[in-house]
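Visitor:
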Amino acid sequence: MFRLIAVLVCISFARAAPSKVVNGTNAEEGEIPYIVSLRVGGRHTCGGSILNENHVLTAAHCLSNPKYSIQYGVLKLSSDNTNSIDVEKIMRHEYYDPYNNYANDVGVLKLKSSIPIDNVNVRPTTLPRQSESAPDGNWAVLAGWGAMITGGGSVKQLQRVNILVYSPTNCQAAHGSSVNENHHLCAGVPEGWKGQCNGDSGGPLVAEGKQVGVVSWSIKPCAIVGYPGVFARVASYSDWIWSKVDLN
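Numbers -16 to -1, 1 to 232, taken from mature numbering (1 follows the signal peptide of the UniProt record, and there is no 0), label the letters of the sequence shown in order.
1) With DSSP collapsed to three states, give me the class of Trp177.
2) For Val209, collect the residues of the same chain with a Cβ closer than 6 Å to its Cβ; drop the 5 residues on either side in sequence, then sort them by chain order.
3) Compute the distance between the beta-carbons of Val149 and Ala207, then report whether it is under 8 Å.
4) Report yes if the C-beta distance between His167 and Ala216 is below 8 Å; otherwise report no.
5) Residues in the same chain with beta-carbon distance under 7 Å from Pro100, minus the five sequence neighbours each way, listed in chain order, please.
6) So what's Ser115 in DSSP terms, helix, strand or just coil?
7) Please classify Lys73 as buried or exposed, where buried requires at least 16 neighbouring CB atoms within 10 angstroms.
8) Relative to the alpha-carbon of Ala124, which residue among Asn84, Gly91, Lys178 and His77 has its alpha-carbon at the smallest distance?
9) According to the neighbour-count rule (16 or more other Cβ atoms, all chains shown, within 10 Å of its Cβ), is Ile133 buried or exposed?
10) Could you check which residue in Val196, Asn154 and Ser200 has the C-alpha nearest to that of Cys46?
11) Could you check if Asp102 is buried or exposed, using at least 16 other CB atoms within 10 Å of its CB as the buried criterion?
12) Closer than 6 Å by C-beta to Phe(-4): which residues in its own chain qualify, once you throw out the five before and the five after it? Chain order, please.
13) Which full runs of the alpha helix (DSSP H) of 4+ residues lie inside the segment 152 to 201, going along the chain?
14) Measure the CB-CB distance between Gln195 and Ser33 and report whether it falls below 8 Å.
15) Mind reading off the beta-carbon distance from Gly187 to Ile19? Whole number of angstroms is fine, and I expect it under 8 Å.
16) Within 10 Å of its beta-carbon, does Pro50 have 16 or more other beta-carbons around it, so buried, or fewer, so exposed?
17) Taking Cβ to Cβ, would you say Asn88 is nearer than 8 Å to Gly130?
18) Helix, strand or coil for Cys46 per DSSP?
19) Might you give, ordered along the chain, the residues of its own chain that have their beta carbon closer than 7 Å to the beta carbon of Val229, omitting 5 neighbours on each side?
20) Considering only the alpha carbon of each residue, which of Gln156, Leu169 and His77 lies closest to Ala43?
21) Enumerate in chain order the residues of its own chain whose CB-to-CB distance from Asn85 is below 6 Å, with the five nearest sequence positions on each side excluded.
22) Is DSSP giving Asp230 helix, strand or coil here?
23) For a quick check, are the C-beta atoms of Leu231 and Gly197 less than 8 Å apart?
24) Check the C-beta distance from Ala11 over to Arg144 and give it rounded, since I have them as a contact under 8 Å.
Next comes the structure, spelled out in structure tokens:
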């Protein structure tokens, strides 16, 4: 069904704006306890992940508004203030560059109050060490509330999907000079039609228990064959991320 829809869509090979997980399944209670929804006016805009009780990691390109809140510990989004905390401070990477293929596409949020960590349904993500090698060729879990198809709206129920981490060589073979292994990591499946879409940006990609990526951009239609999703490579930014946490 999705293949037919994708064929009928006018294919424009443009990068995503804020990137539901395509062809995912409903996440189970406690399965993705580190994920949060980044919201503007009670509406989902991007994903994020819990760093500790007071800080959240997301994509820099998600942070264009002056006022945000996060919703944590839920599978199904709501527009009320359930499990909602306002953001106190927005910290985008100083060298984030949307005109250079979204280089340095990471940001840290400081919250106005603490997330109640229970280590069951709500717990922090685990980051790799600075410059730690990504588990190329291994399966990773992508989760989010983004659109199921290009142009679709965000979904209420948290979705998750298994995709493969690509080697830098295979990532560059797909995207050419648009990716730089110092900034980017690719993940998807060779047959396509599984991966990120609008509304997934800023969300976590986790492999072997560590968050290796932050959803950054993708070629449209979402999850098209031959073009894996592109993520900010977390291991390139671990020191920067923790420096922001420590100082704020």
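We put the CB at the ideal spot given by N, CA and C, even for glycine. All values derive from a computational prediction rather than experimental measurement.
Guide: According to the data block:
1) The sequence position of residue 177 within the sequence shown is 193, counting from 1. Trp177 falls in the coil class under three-state DSSP.
2) Counting from one through the sequence shown, the residue named residue 209 turns up at place 225. Excluding residues within five positions, the ones whose Cβ falls inside 6 Å are Gly176.
3) Locating residue 149 in the sequence shown gives position 165, counting from the first residue. Locating residue 207 in the sequence shown gives position 223, counting from the first residue. The Cβ-Cβ distance between Val149 and Ala207 does not fall below 8 Å.
4) On the sequence shown, residue 167 is found 183 positions in, with the first residue counted as 1. On the sequence shown, residue 216 is found 232 positions in, with the first residue counted as 1. Taking a C-beta distance under 8 Å as the contact criterion, His167 and Ala216 qualify as a contact pair.
5) Here residue 100 refers to the residue found at position 116 when the sequence shown is read from its first residue. Excluding residues within five positions, the ones whose Cβ falls inside 7 Å are Val106.
6) Within the sequence shown, numbered from 1, the residue matching residue 115 stands at position 131. The answer is coil: DSSP assigns Ser115 none of H, G, I, E or B.
7) Along the sequence shown, one-based indexing puts residue 73 at 89. When all chains shown are included, Lys73 counts as exposed.
8) As a working mapping, residue 124 is identified with position 140 in the sequence shown. Per the Cα distances, Lys178.
9) To locate residue 133, count along the sequence shown from 1; it is residue 149. Sixteen is the threshold: when 16 or more other Cβ atoms of the shown chains lie within 10 Å of the Cβ of Ile133, as they do, the residue is buried.
10) Here residue 46 corresponds to residue number 62 of the sequence shown, with the count starting at 1. Minimum Cα distance to Cys46 is reached at Ser200.
11) In the sequence shown, counting from the first residue as 1, residue 102 sits at position 118. Asp102 is exposed by the Cβ-count criterion.
12) One-based indexing of the sequence shown puts residue -4 at position 13. In this prediction, Phe(-4) has a pLDDT of 39, which is less than 50 and means its spatial position is unreliable; nothing more can be read from the coordinates.
13) Fully enclosed alpha helix (DSSP H) runs of no fewer than 4 residues occupy 152 to 159 of the segment 152 to 201, in order along the chain.
14) Here residue 195 corresponds to residue number 211 of the sequence shown, with the count starting at 1. Here residue 33 corresponds to residue number 49 of the sequence shown, with the count starting at 1. Taking 8 Å as the Cβ cut-off, Gln195 and Ser33 qualify as a contacting pair.
15) Taking the sequence shown and counting its residues from 1, one reaches residue 187 at position 203. Taking the sequence shown and counting its residues from 1, one reaches residue 19 at position 35. Rounded, the Cβ-Cβ distance is 7 Å, consistent with contact.
16) Numbered from 1 along the sequence shown, position 66 holds the residue referred to as residue 50. Burial check for Pro50: the Cβ neighbour count within 10 Å stays below 16, so the residue is exposed.
17) As a first step, residue 88 must be located in the sequence shown, where it is residue number 104. As a first step, residue 130 must be located in the sequence shown, where it is residue number 146. For Asn88 and Gly130, no; Cβs fall outside 8 Å.
18) Along the sequence shown, one-based indexing puts residue 46 at 62. Note: Cys46 maps to helix in three-state DSSP.
19) Within the sequence shown, the letter at position 245 stands for residue 229. Same-chain partners within the cutoff: Leu35, Asn36, His39 and Val92.
20) Within the sequence shown, residue 43 is the residue found at index 59, counting from 1. Considering only alpha carbons, the answer is His77.
21) Residue 85 sits at position 101 when you count from the first residue of the sequence shown. Contacts found: Ser162.
22) By one-based count along the sequence shown, residue 230 stands at place 246. Of the three classes helix, strand and coil, the one that applies to Asp230 here is helix, per DSSP.
23) Counting from 1 along the sequence shown, the entry for residue 231 is found at position 247. Counting from 1 along the sequence shown, the entry for residue 197 is found at position 213. Not in contact: Leu231 and Gly197 (Cβ atoms no closer than 8 Å).
24) Position 27 of the sequence shown, counted from the first residue, corresponds to residue 11. Position 160 of the sequence shown, counted from the first residue, corresponds to residue 144. The Cβ separation is near 4 Å, so the contact holds.
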